[in-house]
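Visitor: Whatever position you read off the sequence shown (first residue = 1), add 11 for our numbering. Positions of the beta carbon are idealized from the N, C-alpha and C atoms, including for glycine.
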Amino acid sequence: MGCNSTSKIRIDSIADSYLCTGCGTCYGICPADAIKYELNERKGRNVFNVIKSECVQCGQCYSVCPGKGLNIDDQNHLLFGKLPKNPFLGNYIQCYTGFASNNLLRYKATSGGTTTALLNCALSCHLADGVISTHFPESNPTETEPFIAYDTVSLKRSIGSKYCPSSVNTILKTILKEKKRYIIVGLPCHIHGIRLAQQANQQVNKLDLVLISLFCGMNFDYRHIRWLFRYFGVDREDVVDLSYRTNGYPGNMVIDRQIGDKFTCSIEEYSIESMKALRCTVCPDTFGEFADISIGDVWLPEFSKEDHGQNMIIARTPKGQNLLLEASKNGHIHLTPSTPEKALQTNESVAKFKKNLYGRISFLRLITGTSPCYTQSQLPSSRIFALPEVKFYLKRIIKHTLFSILPPRLIKAFRR
Ligand SMILES: Cc1cc2nc3c(=O)[nH]c(=O)nc-3n(C[C@H](O)[C@H](O)[C@H](O)COP(=O)(O)OP(=O)(O)OC[C@H]3O[C@@H](n4cnc5c(N)ncnc54)[C@H](O)[C@@H]3O)c2cc1C
Ligand code: SF4
Ligand code: SF4
Ligand code: SF4
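(1) Would you mind sorting K365 into buried or exposed? The rule is 16 or more other CB atoms within 10 Å of its CB.
(2) State the CB to CB distance for the pair N230 and L198, rounded to an integer number of angstroms; the pair is presumed to be in contact (CB under 8 Å).
(3) Check whether the segment 163-175 touches the segment 107-127, taking contact to mean three or more Cβ pairs, one atom from each stretch, closer than 8 Å.
(4) Quick check on DSSP: helix, strand or coil for I22?
(5) Does the count of Cβ pairs from the segment 298-313 and the segment 331-349 closer than 8 Å reach three?
(6) Using the beta-carbon count (16 or more within 10 Å), is K79 buried or exposed?
(7) Which same chain residues, not among the five before or five after D267, have their C-beta less than 6 Å away from its C-beta?
(8) Roughly how far, in whole angstroms, is the beta-carbon of T292 from the beta-carbon of R371, given that I think they are within contact range, below 8 Å?
(9) Whole angstroms is fine: what's the gap from S18's alpha carbon to L30's?
(10) Work out the CA separation of D162 and N212 for me, nearest whole Å.
(11) Verify the contact flag: Q356, CB atom, against every heavy atom of ligand 2, threshold strictly below 7 Å.
(12) If you follow the alpha helix (DSSP H) that F59 is part of, which residue opens it and which one closes it?
(13) Give every residue of the same chain whose Cβ lies closer than 7 Å to the Cβ of M12, excluding the five residues on either side of it in the sequence, and list them in chain order.
(14) Would you check whether ligand 1 has a heavy atom nearer than 7 Å to the C-beta of N4?
(15) Does D303 come out as helix, strand or coil in the three-state DSSP assignment?
(16) Taking the C-alpha atoms as reference points, what is the distance between N60 and K47?
(17) Closer than 7 Å: is that where the CB of T108 sits relative to any heavy atom of ligand 4?
(18) Could you pull the DSSP bridge partners for K47 from this structure?
(19) Counting pairs of beta carbons, one from the segment 279-293 and one from the segment 177-195, are three or more of them closer than 8 Å?
(20) Within 10 Å of its beta-carbon, does N114 have 16 or more other beta-carbons around it, so buried, or fewer, so exposed?
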C-alpha cells in the first residue's frame, strides 16, 4: 500500500474526516493544551479541534495520530524484533483461554471477565498504581468516559464492552503529570496511538505502562445507539444505566430506566453490520497486535453451550505474560493454554475481512479523496477494488439512507 495519499494532510483534516477514530491521543499529547474536543452529534463521536492561536506547531499531534494509518511492518520490528508468522494474529508468546475466578464478575462481564479481573489483580496486588478503563458515568449514562481507577471499587461501572467510541487516550494528559505505573485498556486503534506516542515523545516513553487491547472487529458511533433508542421507543433522558452485553454469555443489551421495566435485547437485534463506523471498514487490526495482552471472545463451537463466558487471551510481550501468570497465581483468573490456530478460529470472519483491506482502502480513497495508509508486506498485495467492495459500500449507503428517513416500524425488513 502506497503511503502518499495522506502525507500532506494535517491533524485538523484527519480530525474532521472519517479517518479519525476519536482515540484522543492528539489531545493527550499536546504540550500547549491547544486541542479541544466535544461530542459532535452529526458525526456520532468526539471531534478534536486545534486552537490555532495556542498551537506551537511542534507537530506531535500528527506524529501520534493512528487515524492516518500505521506502518505495521515497522511496529512489528520495533516491538518484537520480527514480523509475525501469521499477519492476521500478530506476534505472540502464548495463547490461552480463560475467565475470571469470581463467578459474579464472570456473569456480569462481556465475555469471561478476564479483563476486569486483571485490573482488579493489578490494583489489589500493587502491580499498578492506577488502571485506565472506560465507563458510562452516572451523570451521563449513554456516553462513555475514560477514567483512572485507583481502587477496585471504582472499577465496577467499567465492566462490559461499550460498542461505541471512547477517547481513552485523552487520559495521557493526566498520567503524564502523575508519572506512576498504569495499565491501559483500549481497542487496537487506541493501542496504535499509544505506541506512536511512546515513539514520538520521551515523556510518554518513560511511563511504566502495560497495554491491554480488546479484540475489535468493528465499532458503532453514537448514531447507532441513538437510532436504537428511536427504534425501540426508549427515551434517552430516562436511561440510568446501559450495558451492551451482560448477564451470561454471549449476554444481552440491558437498559435500566428511571420509569418502567428494564429494556433487554439480543446482540443479533442490535448488531447491524451496515451501521459499523466507516473508519472501521478500513481497519487492519482485529487482534490488538501491538498490545502487551490482547483479550477477546471465544466464538468456538466447543464453548457455545456455556452460559458463563470465556476469553481468548494472547500474551504478546514478557510484561503481558508476567501479569497474566501473576493474576493466575493469585487466584484472580483461570488460564488454560491454547493455540494460535484456535485464537484465529475465534474471529475467523473478521480476520477474513482483513484480506480485502487494500481493496476497500482504494475504493474509499476514490470516493472520499483520502484513506488511511497501512504498510504490511505480508498482506495480499492487491491494491485495486473490485465488485465485492463496490457492493459492500453501496449496500451500506442504501441502508444508512433508509434508516435515517424511514419511521422505525417500517425498517425491520432492511435491518441486516
Ligand atoms: C467496540 C468493540 C468491538 C469488539 N469486537 C470484538 C470482536 O470482533 N471479536 C471479539 O472476540 N471481541 C471483540 N470485542 C471484545 C469483547 O467484546 C470483550 O471486550 C472482550 O472479550 C473482553 O471481555 P471481558 O469479559 O474480559 O471484559 P470485561 O471484564 O467486561 O471488561 C471490559 C473492559 O473493556 C473496556 N472497554 C469497554 N468498551 C470500551 C471501548 N469502547 N473502548 C475502550 N475500552 C473499552 C472497559 O473499560 C473494561 O475495562 C470488542 C470490544 C469492543 C469494545
Ligand atoms: S502541533 Fe503541537 S502544539 Fe500544535 S496542536 Fe499539535 S501537538 Fe499541540
Ligand atoms: S489522534 Fe486520534 S482523536 Fe486525534 S485526530 Fe488522530 S485519530 Fe482523531
Ligand atoms: S475496528 Fe479498528 S478503527 Fe474501528 S474501533 Fe476497532 S480498532 Fe478502532
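Guide: Checking against the coordinates, here is how it stands:
(1) Sequence index remark: in the sequence shown, residue 365 carries index 354 (1-based). Around the beta carbon of K365, 16 or more other beta carbons sit within 10 angstroms, so the residue counts as buried.
(2) Position 219 of the sequence shown, counting from 1, holds the residue named residue 230. Position 187 of the sequence shown, counting from 1, holds the residue named residue 198. That pair is a contact at about 7 Å.
(3) In the pairwise beta carbon analysis, the segment 163-175 is classified as touching the segment 107-127: at least three pairs are separated by under 8 Å.
(4) Counted from its first residue, the sequence shown places residue 22 at position 11. DSSP, read as helix, strand or coil, puts I22 in helix.
(5) Touching, yes, given that three or more Cβ pairs across the two stretches are closer than 8 Å.
(6) Walking along the sequence shown from the start, residue 79 turns up at place 68. Classification of K79: buried, given that the 10 Å Cβ count is 16 or more.
(7) The sequence position of residue 267 within the sequence shown is 256, counting from 1. Answer for D267: V251, D252, K273, listed in chain order.
(8) Locating residue 292 in the sequence shown gives position 281, counting from the first residue. Locating residue 371 in the sequence shown gives position 360, counting from the first residue. Sure, about 6 Å apart at Cβ, within 8 Å.
(9) In the sequence shown, counting from the first residue as 1, residue 18 sits at position 7. In the sequence shown, counting from the first residue as 1, residue 30 sits at position 19. Reliability fails at S18, whose pLDDT of 41 lies under 50, so the model's placement of it is uncertain and no value is given.
(10) Against the sequence shown, residue 212 aligns to sequence position 201. Against the sequence shown, residue 162 aligns to sequence position 151. For N212 and D162, the distance between alpha carbons rounds to 29 Å.
(11) In the sequence shown, residue 356 corresponds to position 345, counting from 1. Outside the cutoff, so no.
(12) In the sequence shown, the residue the question calls residue 59 occupies position 48. Segment 56-61 is the beta strand (DSSP E) holding F59; no alpha helix (DSSP H) there.
(13) In the sequence shown, the residue the question calls residue 12 occupies position 1. Residue confidence is low: M12 scores 37 on pLDDT, short of 50, so the model does not pin down where it sits. Its coordinate-derived value is still stated next. Y369, I372, C384, Y385, T386, R394, listed in sequence order.
(14) A question about residue 4 goes unanswered here, because the residues of the chain that appear run from 12 up to 427.
(15) Sequence index remark: in the sequence shown, residue 303 carries index 292 (1-based). In this structure, D303 counts as coil in the three-state DSSP scheme.
(16) Here residue 60 refers to the residue found at position 49 when the sequence shown is read from its first residue. Here residue 47 refers to the residue found at position 36 when the sequence shown is read from its first residue. Distance between the alpha carbons of N60 and K47: 5 Å.
(17) Within the sequence shown, numbered from 1, the residue matching residue 108 stands at position 97. Between ligand 4 and the CB of T108, the shortest heavy atom gap is not smaller than 7 Å.
(18) Here residue 47 refers to the residue found at position 36 when the sequence shown is read from its first residue. Note: K47 sits in a beta bridge opposite N60.
(19) Below 8 Å, too few C-beta pairs join the segment 279-293 and the segment 177-195 to call them touching: fewer than three.
(20) Within the sequence shown, numbered from 1, the residue matching residue 114 stands at position 103. N114 is exposed by the Cβ-count criterion.
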